[in-house]
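First up is the structure itself, then whatever we jot down about it.
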Amino acid sequence: MRSLEDIPIAVRMSWASTRETSREEDEAYCLLGIFDVNMPMLYGEGQKAFVRLQEEIIKRSADMSIFAWMALEDNPPPYTGLLARSPADFRHSGVATICDPGHFDPAPFSINNRGVSLQTILYRKTATGLHIMPVNCKIEGEKAPKYDPHSSGHGPHGIYLRQVGRHDFVRAFPSRIVNAISNDTTTRFQVATQLSTEQAIFIDQHVTLIRSPRDFIGDFYLSSKAVYPAGCYDPSQRIIYAGHTGTFLGYFHFEPKWKKEFDTFYFIFRFDRSRGKEPWRYALLSERHWAHKQPYRAHYASYSKNFFAPGKEMSLRLPSVDDESKAKKVVLTIVPPESKEDRAPWSRTIEFAVVDG
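As numbered in my numbering, residues 2 to 358 make up the sequence shown, in order.
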């Protein structure tokens, strides 16, 4: 006979997924014995009780099926934290099975003040910038997700993550479980445990839209490896996400078709919500100037003198390597919204152009 410890956490959660309680907190407290968890019962904390339960479980178990849940609301938020909001989110996880260690061997994970800290496989979908994190289990049956077309179908299932900082992620499309992709490289990162409804909405509002060809700006090309942080950019929509934390810094590296003729250049973007109605700042730097700035890319203050106020046009002259009388000029323009209704709060639209200069 199997002991409770041998049954995946997601399966044990599913046992209470349809249970109705007179008090919201009892959705969590009725599971304390199943998970052998001791924690104070604080009536009045509401949904936080179930979050606390998951945090206590994570402290004593490395079973990643705790993340194998699907939001069941009719209109779930676009982004959430890594932890489920209630046992009902595990309703379709009752048929979860742990994958063979040969497929997946995660490092221990833990809770800290930034969220859940993990070191595991992350696969980035270059078309959208989303990442897929495997959850070390498969969910079979009628409600099982369809296989990702790029995967073999033999590995574990996974969940979508959106990058919102250097090492910070949130869960995206929380109503979906997808097929994970095999990968031998692990990454250290953290995922927020929870997001408020306001924070989830802000992620879609804190954006810069590039109204230019997706990969080409004049004679310059943007490769998928030239975006930092890579998962903060959605190439399919040409959108840069600043996340929900209030501060963000990233860059694109554009390379000319003819590298030997013209210098490369960097487009740097910064979001700082403390600036009020104009939180976005942008800069253009040539390769030679970037060499001095790059070591300080994580420090917001080091860029303050080079960033200009939105609403203005800026340009960068890139002389020819062989003949400085010849040059290309990169022009960046903030596109004003056609009306107040066309612009979400804290969003900006920019446009690139390259001319002979």
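Ideal placement from N, C-alpha and C gives every residue a C-beta, glycine not left out.
For S15, the uninterrupted alpha helix (DSSP H) run begins and ends at I10 to S15, by DSSP.
The continuous alpha helix (DSSP H) containing I58 extends over residues K49 to R61. With 16 or more other Cβ atoms inside 10 Å of its own Cβ, K329 counts as buried. Excluding residues up to 5 positions away in sequence, Y222 and T265 lie with their Cβ nearer than 6 Å to the Cβ of E256 in the same chain.
As the crow flies, the alpha-carbon of S213 is around 8 Å from that of A354. Counting every other CB atom within 10 Å of its CB across the protein chains shown gives D64 a total of 16 or more, marking it as buried. Minimum Cα-Cα distance from Y252 among the listed residues R274, P236, Q206 and A284 corresponds to A284. Exposed is the label assigned to P109, since fewer than 16 other Cβ atoms lie within 10 Å of its Cβ.
Under the three-pair Cβ rule at 8 Å, the stretch 110-128 does not count as touching the stretch 31-50.
Membership of Q206 in the alpha helix (DSSP H) is indicated by the continuous run T198 to Q206.
Close CB contacts of A11 within its chain, under the 6 Å cut and outside five residues either way in sequence, are with S66, A69, F91, S94 and A97 (chain order). An exposed status is given to K313, since fewer than 16 other beta-carbon atoms sit within 10 Å of its beta-carbon. If you compare the alpha carbons of P230, V179 and I122 with that of I140, the shortest gap goes to V179.
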